[in-house]
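Structure, as structure tokens:
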Amino acid sequence: MSKNGTHYSEEFKQQIVDLYNSGSSVSYLRNEYGVTNVRIYSWIKQLSPVKVSEKEEINSIGYAYDTSMTAELAMKAVKNACLNVKVIEGIILHSDLGTQYTSRIFEDYLSFKGIIHSFSRKGNPYDNACIESFHSVLKKEEINHHKYNDFNAARKAVFEYIES
1 MSKNGTHYSE
11 EFKQQIVDLY
21 NSGSSVSYLR
31 NEYGVTNVRI
41 YSWIKQLSPV
51 KVSEKEEINS
61 IGYAYDTSMT
71 AELAMKAVKN
81 ACLNVKVIEG
91 IILHSDLGTQ
101 YTSRIFEDYL
111 SFKGIIHSFS
121 RKGNPYDNAC
131 IESFHSVLKK
141 EEINHHKYND
151 FNAARKAVFE
161 YIES
């Protein structure tokens, strides 16, 4: 495994990804091979085999809501999701380019947790089609059919919709 200056060979990149996929942690790989976390995560995204799940297996594993979308709220949703999974490091979180997701505090939080952040391309909501579809159905089936007296009533209704 060698590198030429700042350019790593494709063989080296693939070997790092293979080691990661066979159970080596990003921390171990960083320390053992002198490659940054960001670079390793980039290679994992680029070179790992794609795993396809059946639609029925895709579930919301964490969410949070408030009156405004902030980085803190996004971190709360990730924290809630982390409660529902056994292994956090290496999870891929896909989001749009909203300021709450591109903020330094949110990026630092994901990095601390070992979560890989994947973004939708600017102006292309189809990159995030699953969650966009969920939001559309939520609006059609729940939100557009009710008038809520206050935020707490809306929160309760959305919670019941998601959990039912």
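Residues 1 to 164, numbered by full-length UniProt numbering, are exactly what the sequence shown covers, in order. All C-beta atoms in this analysis are idealised placements derived from N, C-alpha and C, irrespective of residue type, glycine included. In this text, all values refer to a predicted model and were calculated from it rather than measured experimentally.
**OP:** Please check the pair Trp-43 and Val-17, which I expect to be a contact at CB under 8 Å, by giving their CB distance rounded to whole angstroms.
**Re:** 5 Å
Original post:
Would you say Glu-89 and Gly-62 are within 7 Å of each other, going by their C-beta atoms?
Top reply: no
Original post:
On the three-pair Cβ rule with 8 Å, is the region 71-85 touching the region 98-112?
Top reply: yes
Original post:
Going along the chain, which unbroken runs of the alpha helix (DSSP H) with 4 or more residues stay wholly within the region 77-106?
Top reply: 99-102
**OP:** Pick out the complete alpha helix (DSSP H) segments inside the region 3-36, 4 residues or longer, and give them in chain order.
**Re:** 10-21 and 26-33
Original post:
Quick one: is Val-35 buried, meaning 16 or more other Cβ sit within 10 Å of its Cβ, or exposed?
Top reply: buried
Subject >> For His-117, three-class secondary structure by DSSP >> reply: strand
Original post:
Between Val-87 and Gly-23, what straight-line distance do the alpha-carbon atoms span, to the nearest angstrom?
Top reply: 11 Å
Subject >> Expected contact under 8 Å - CB spacing of Ala-71 and Ile-105 to nearest Å >> reply: 5 Å
**OP:** Thinking Tyr-8 and Ile-40 are a contact (beta carbons under 8 Å), I'd like their distance in whole angstroms, please.
**Re:** The pair is not a contact, with the Cβ atoms about 11 Å apart (cut-off 8 Å).
Subject >> Three-state secondary structure assigned by DSSP to Ala-64 >> reply: coil
Subject >> Span separating the alpha-carbon of Tyr-161 from that of His-145 >> reply: 13 Å
Original post:
What is the DSSP secondary structure of Glu-141, counted as helix, strand or coil?
Top reply: helix
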